[in-house]
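I have placed the structure first, in the form of structure tokens, so that the comments after it can refer back to it.
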Amino acid sequence: MVCKQCWGLGVRHVQLVLILCVFAVIHVFRVCPLMAIQLAKHEVQDSSSYHEDPFKNTVVNWDETDMAILNDALYFVQPFAYFLGGWMSSKWNNKLILLGTVFLMALQCFSLPSIVRSRAEKVGWAAVMIMRLVVGIMQGVSEPICYQIMGRWTTVRDYCKASTLLVVGSMTGWLLIQGVIYFIGKSVMGWSSIFYTSGNIGVLWCVAWFTFGSKDFRDCFYISSEEKSYMVSYTSDLDNYGLGPKNEKRPPRWKKIFKSKDVYVLLVTSLMTQWAYSAILLPRFVEAYYLNVYLRTDKDMFLETKSFFLFSIGIVTWLLIIGTVADKLVTQKKAISSHQRKTCNSIGFWGQAVTMVCMGFVTTHSATVVWTIVMYLVVSFRSIGMEVAYLEMAPNYAGLIYGTIKSISLVPLTILVLVEDLSNISDLTKEEARSYLFTAALMYYLANFIYCNGFNTKCQEWNKATMAPTNKSISVFL
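The numbering of the sequence shown is full-length UniProt numbering, which starts it at 1 and goes up by one.
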């Protein structure tokens, strides 16, 4: 019996909401140390909540190089972390791994204020640096795990919506932490409250995930038989999907993976764009670009921050809308999935390239802010373009493919962060900024050409589970 698809909230939607929330929680942990430092550095000296605070007295002496190293610390460990997460996603219990990583981030978030308060001058910077490295490792492990779980809970009707969760979750986390900062900045709770608040958010998610989360719809204890039948009908009928036995061990198929042309197309495309995507959107680059190219007034900075905050609220809604519309067009057979993916990817890649070129030529602050917002808007289309491939080409190995490709594609960015002079990033000139923008634009043009002409959106043959021989025909779903 196959249940008719409806818009009602099912267990599969609960799982996707939990995944969206964990992306938001991870982003909160990612930015909360830097936000707390900025809050402590810029508060007035006679504030009752910060006066003679040992951590505050320490961080006010941290220079731009110290802050730049903390900002980029994640990139030192993430190439290894993403590969580790991809490998773990195909070997161990994904529910427990995800639970453990988030709980560990929450635990170290709780402990940091006590550490830096007791010995701030000696271990303050080192403690924050270690926290950043831990978050980088945990984020690198968690994202492939989330993709693996999405691969088991997402049907062909929801691929686009699921692939937008990473960006939507990160944006939601940024909005959440901005709201927390705004509240704490006008309260007497002190800089350390951001760590306690962030830690509590993580613990609440852990409780929800432990109670309601599941790594596979066949392991879920509260899913109805009708919805389980629906999940089976929209997964097992795919060519090469092959769910296999519920408790089957699925080791990484490295030889078959690295013999796949489509994997190399994704790898080359990611290598060409990941450094540009991350480097151009680095807060350090954007801040240096606006600070040195334009002499901003306090009014400019206020309007800029307000514009990005309001836009982030809009982009979350925008992503959910385009993901839903894209899935609906494919479901109703009004669009061919392969054509839709490549069209949306072209909008995302070429659109971002055009906006980067325009940013290099505009001469006013307001115009640059507008083009930056447009860049964020068009880049969202990559979420329903190339990013869908991880779920579409190999659902059984979505985490492994995502982690491996992300690991390799982050290497150029890591090298860039290591070799550039961190202390001089604030001296970025208009010509240097243009070289970043124009080079990145060229890479996006070429990467989209490679993806559109070389990638096949069909499910890979090696994705099928290996079935152990048996003398009886047994349904694993009964």
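Ideal Cβ placement from N, Cα and C applies to all residues, glycine included. Given the structure is predicted, the values throughout are model-derived calculations rather than measurements.
Straight through space, the alpha carbons of Ile-401 and Lys-261 are spaced by roughly 13 angstroms.
The count of Cβ pairs closer than 8 angstroms, one atom from the stretch 35-42 and one from the stretch 86-97, stays below three, leaving the stretches out of contact. Nearest C-alpha to Met-67 among Pro-33, Ala-81, Asn-57, Ser-90: Pro-33. In the three-state DSSP reduction, Asn-94 falls in the helix class (H, G or I).
If you ignore the 5 residues before and after Cys-160, its C-beta comes within less than 7 angstroms of the C-beta of Gly-323, Ala-326, Asp-327, Ile-384, Val-388, all in its own chain and listed in chain order. Fewer than three beta-carbon pairs drawn from the stretch 99-115 and the stretch 160-180 are found closer than 8 angstroms, and the two stretches are therefore not classed as touching. At the C-beta level, Met-150 and Leu-391 come within 8 angstroms of one another. Shortest Cα-Cα distance from Lys-255 to any of Val-17, Ser-229, Ala-127, Asn-463 involves Asn-463.
In this structure, Val-102 sits away from Val-156, with a CB-CB distance that is not shorter than 8 angstroms. Fewer than three beta-carbon pairs drawn from the stretch 125-145 and the stretch 358-377 are found closer than 8 angstroms, and the two stretches are therefore not classed as touching. Taking the Cα positions, Ala-447 is about 23 angstroms away from Ala-162. Given a length threshold of 4 residues, each whole run of the alpha helix (DSSP H) inside the stretch 354-392 is given here in chain order: 365-379, 389-392. Around the CB of Thr-368, 16 or more other CB atoms lie within 10 Å, so the residue is classed as buried. For the pair Val-77 and Gly-173, the CB atoms are not nearer than the 8 angstroms cut-off. Excluding its 5 nearest sequence neighbours in each direction, Gly-351 has C-beta neighbours in its own chain below 6 angstroms: Val-378, listed in chain order.
Around the beta carbon of His-27, 16 or more other beta carbons sit within 10 angstroms, so the residue counts as buried. With respect to the 8 angstroms criterion, Gly-100 and Gly-403 are not classified as neighbours on the basis of their beta carbons. Residue range 193-212 is occupied by the alpha helix (DSSP H) that includes Thr-211. Secondary structure note for Asp-66: its alpha helix (DSSP H) is the uninterrupted segment 64-89. Secondary structure at Phe-455: coil, using DSSP grouped into helix, strand and coil.
In the three-state scheme derived from DSSP, where H, G and I count as helix and E and B as strand, Phe-217 is classed as coil.
Counting only residues of its own chain and dropping the five nearest sequence neighbours on each side, Leu-20 has a CB closer than 8 angstroms to the CB of Leu-165, Val-168, Gly-169, Thr-172. DSSP places Thr-155 outside any alpha helix (DSSP H), giving it a letter other than H or E. Counting only residues of its own chain and dropping the five nearest sequence neighbours on each side, Gln-148 has a CB closer than 6 angstroms to the CB of Ser-89, Asn-94, Ala-398, Gly-399.
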